[in-house]
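Novice: Numbering (our numbering), first residue to last: 2 to 300. Using N, Cα and C, we set each Cβ at its ideal position, and we do this for glycine too.
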Ligand code: NAP
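1. How about residue 105 and residue 274: are their beta carbons less than 9 Å apart?
2. When we look at the beta-carbon of residue 78 and count the other beta-carbons within 10 Å, is it buried (16 or more) or exposed?
3. On the DSSP letters alone, give me the boundaries of the beta strand (DSSP E) that residue 224 sits inside.
4. Where DSSP assigns a beta bridge to residue 164, which residues make up the other side?
5. For residue 236, count neighbouring Cβ atoms within 10 angstroms of its own Cβ and tell me buried if that reaches 16, exposed if not.
6. Give the DSSP-derived three-state secondary structure of residue 151 in the structure shown.
7. Indicate the three-state DSSP secondary structure (helix, strand or coil) for residue 12 in the structure shown.
8. Please classify residue 243 as buried or exposed, where buried requires at least 16 neighbouring CB atoms within 10 angstroms.
9. From the DSSP secondary-structure annotation, give me the bridge partner or partners of residue 98.
10. Determine the extent of the beta strand (DSSP E) in which residue 193 is found, giving its start and end residues.
11. Consider the C-beta atom of residue 145 and the heavy atoms of ligand 3; say whether any pair is separated by less than 8 Å.
12. Using a Cβ-based criterion (distance less than 8 Å to any ligand heavy atom), does residue 223 qualify as near ligand 1?
13. Around the C-beta of residue 150, are 16 or more other C-beta atoms found within 10 angstroms, so that it is buried, or is it exposed?
14. So, using beta-carbon positions, are residue 212 and residue 184 closer together than 9 Å?
15. Measuring only from the beta carbon, is residue 193 closer than 8 Å to any heavy atom that is part of ligand 1?
16. Spell out a yes or no on whether the region 223-240 and the region 137-149 are touching, meaning 3 or more CB-CB pairs, one atom from each, closer than 8 Å.
17. Beta-carbon separation of residue 233 and residue 107 under 9 Å?
18. Under a three-way DSSP split, which group does residue 279 fall into?
19. Give a yes or no on contact between the region 20-34 and the region 275-284, applying the rule of three or more CB pairs nearer than 8 Å.
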């Protein structure tokens, strides 16, 4: 029996682990097996104060190390089932029980739900240019999406690939202005506006993208070696669905204390309903959740 079981090993989970251990709580962090969560796939992080520009994996490793040094136990296991009322998480290797539970499972890339997306995953379909871009050196690739992630992915790929096609269902991006301007200055980036991705083509490997040109309602095919999907993120809250009320986007309603409707259960980081999701806000949530858990145990 732990004082606190933390589900998630991203910035929120690591910060919760650090604060909980420093508060003298017997602390377990289940990382889910993907080191650092979304931070683990960020090329550089330039907006986490006090660190300069660090790679995402470096920052993630430092966060974990700090929590471990403070005494938090980390297990690289994925929670396959969570019972919030019992503050219990089941991994393939058994049950972990806490007197409190901090749910910090983060978010995952949104799927487009089109043919080829899952079957060609790892065979030309990717959600991470920093991780997989090098496989497409000198080749033509497609990025699907129109936000800051799509713009950042396209910029990363433009430095490696022959040509990057940015396929977006609207006629303009809603990315940060800095990214949009840089992208517009990049010669080997071509924008395909009003284009809805319909299928990723290929049998063994990706050979192209089929999309619908919305202005003419024509289906077209664009040959490419890789398709990078950057269509936003969705909260990883499937494990708690039915146990807590979720908002329309699937996020867990909890105020800035991170307390949920279940006593002794806290929601921290990108799973929580809030206005801004950044590394720095996830870390803040983690710290708050751990201190609230400590307070709950004192009562
Ligand atoms: P986002 O802002 O939600 O953008 C998602 C994009 O994907 C939108 O353009 C959306 O189209 C499109 N999309 C969603 N579902 C789709 C579908 N089924 N088919 C085709 N397109 C689809 O998400 P994000 O770009 O991942 O950004 C998330 C947050 O991270 C933002 O706050 C962003 O500022 C931040 N971020 C910052 C940086 C940086 O370098 N500073 C980099 C990455 C992310 P519509 O426009 O039509 O809705």
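Specialist: Checking against the coordinates, here is how it stands:
1. no
2. buried
3. 219-224
4. 141
5. buried
6. helix
7. helix
8. exposed
9. 89
10. 190-193
11. For the structure depicted, ligand 3 is absent and the ligand set comprises only ligand 1.
12. no
13. buried
14. no
15. no
16. yes
17. no
18. coil
19. no
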